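Student: Structure provided below as structure tokens; questions to follow.
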Amino acid sequence: MYHEDTRTKSRAPVTRPDRSFYSSMSAFGRFGMRWFTPQLMTAPHSHGHIEFNWLTEGSMTYVFDGRQVHTPSNKLVLFWAGVSHQAVGIPSDASTGIRQCNIYFPLDSFLYLPKLGQMTECVMGGGVVALSPDAVDANTLQRWYRDYRSGDTDRADLLKVEIGVMLRRASMVGWETLLPPWIVARDTNSHRATPLRHVVAMIRFISEHISEPFDIAEIGLAVDLHPNYVQTLFKRVMHISIHRFVVRMRLIRARELLFSSNLSVENIAFAAGFSSISQFYEQFNRAYGLPPYRLKKEYL
């Protein structure tokens, strides 16, 4: 017999302004989700998420840094929102009950999802992907939205886990590429491909070596660029310094180890690539507001 958890029924939904979870100048937005009537965008924008779009009926037209793509209904479409994008076409009868669901998944959280392989490379290369119709449906999206609005931290965490599992499965069973990534574009005259191709290579190097100490020179060697240009290019594309990006990724790894292992704090610091314990404590406190042992104690 089904029993509903009544603990959350008396808790009022948390008010979340529609657009408070992203900023055009932030590499990493905060998690967000909303349902709304499809709308044209008056100008292109970008933000620090992997964005998921779902349309109940019809199709929409987007422009991604000059490249146009049509997105279908009843399929979850995802793309890196750090690429400038704009909705330029919506269903003509959008005022008759057609709804759009957007999920804003923080970029850093997406990059650290394991074993997505070519899906990560496609999306981070500027591609637009549509998952198969059986990946998720409107009922699941509505349930996720209730979890998101519940104000319950555990439900919100579970929602993010479910999204990760959905993507992991999609990476194995396949997806549809609506717009190919720049890194495999055949247009050799395009100058747009080069900066993002290099940044994707940097992100790949950082992700694959996050547990090891490395410096800008090593990143430059891996992508065949001068270290000074590595820093300039990364900041221009990602709106964050490469140093801050690396620290953020190391902290994500450290927090994961904190809750998934019995390693000492010192060993966690080194396993996450920090070369200094004092630096690790300083960065961890700044990011999470508590030292590692207290965060683990309060969470558990």
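Position 11 of the sequence shown, counted from 1, bears residue number -4 in the numbering used here, the numbering being contiguous throughout.
A virtual CB, placed ideally from N, CA and C, is assigned to each residue, including glycine.
Here the structure is a predicted model, which means the values were calculated and not measured.
By Cβ distance below 6 Å, which residues in the same chain neighbour Ile227 in space, the five residues on each side in sequence not counted?
Tutor: Closer than 6 Å at the Cβ level, and outside the excluded window around Ile227, lie Gln216, Phe219.
Student: Tell me Phe90's beta-bridge partners as DSSP assigns them.
Tutor: Answer by DSSP bridge pairing, in chain order: Ile35.
Student: On the DSSP bridge list, what partners appear for Tyr47?
Tutor: Looking at the DSSP assignment, Tyr47 forms a beta bridge with Val54, Ala72.
Student: State the Cα-Cα distance for the pair Leu152 and Val185, rounded to the nearest angstrom.
Tutor: Their backbone Cα atoms lie some 19 Å apart in a straight line.
Student: Return no unless some Cβ of chain B is closer than 7 Å to the Cβ of Val114.
Tutor: Judged by its chain identifiers, the structure shown contains no chain B, having just a single protein chain.
Student: If Ile83 and Pro23 are in contact, beta carbons under 8 Å, what's the gap, nearest whole angstrom?
Tutor: So it is a contact: roughly 6 Å between Cβ atoms.
Student: Using a threshold of 7 Å, state whether the C-beta atoms of His183 and Val158 are closer than that.
Tutor: Not a contact, by the Cβ cut-off of 7 Å.
Student: Start and end of the alpha helix (DSSP H) containing Ala254?
Tutor: Looking at the DSSP string, the run of the alpha helix (DSSP H) that includes Ala254 is 250 to 256.
Student: Less than 7 Å between the C-beta atoms of Trp167 and Gly110, yes or no?
Tutor: Taking 7 Å as the Cβ cut-off, Trp167 and Gly110 qualify as a contacting pair.
Student: Give me, in chain order, the residues of the same chain whose beta-carbon lies closer than 7 Å to that of Phe90; leave out the 5 immediate sequence neighbours on both sides.
Tutor: Excluding residues within five positions, the ones whose Cβ falls inside 7 Å are Phe16, His34, Ile35, Phe37, Ile148.
Student: Since Ala120 is in the beta strand (DSSP E), which residue starts that stretch and which ends it?
Tutor: Taken as a continuous stretch (DSSP letters only), Ala120 belongs to no beta strand (DSSP E), as it is neither H nor E.
Student: Assuming Ser196 and Ala257 form a contact by the criterion Cβ under 8 Å, report the distance between their Cβ atoms to the nearest whole angstrom.
Tutor: Their Cβ separation, rounded to whole angstroms, is 7 Å, which keeps Ser196 and Ala257 in contact under 8 Å.
Student: Go ahead and pull the three-state DSSP assignment for Glu283.
Tutor: Three-state DSSP puts Glu283 in a helix.
Student: Taking 8 Å as the threshold, find out whether the stretch 41 to 59 comes into contact with the stretch 128 to 143 through three or more Cβ pairs.
Tutor: Flag = no, the stretch 41 to 59 and the stretch 128 to 143 do not touch.
Student: In chain order, what residues of the same chain have a beta carbon less than 7 Å from the beta carbon of Ser175, not counting five sequence neighbours either side?
Tutor: Its pLDDT being 40, under 50, Ser175 is placed unreliably by the model, and nothing is read from it.
Student: Using a Cβ-Cβ cut-off of 6 Å (strictly less than) and excluding sequence neighbours within five positions of Ser260, which residues of its own chain qualify?
Tutor: Excluding sequence neighbours, Ser260 sits near Pro198.
Student: So, with DSSP's three-state summary, where would you put Trp160?
Tutor: DSSP places Trp160 in coil when its eight states are reduced to three.
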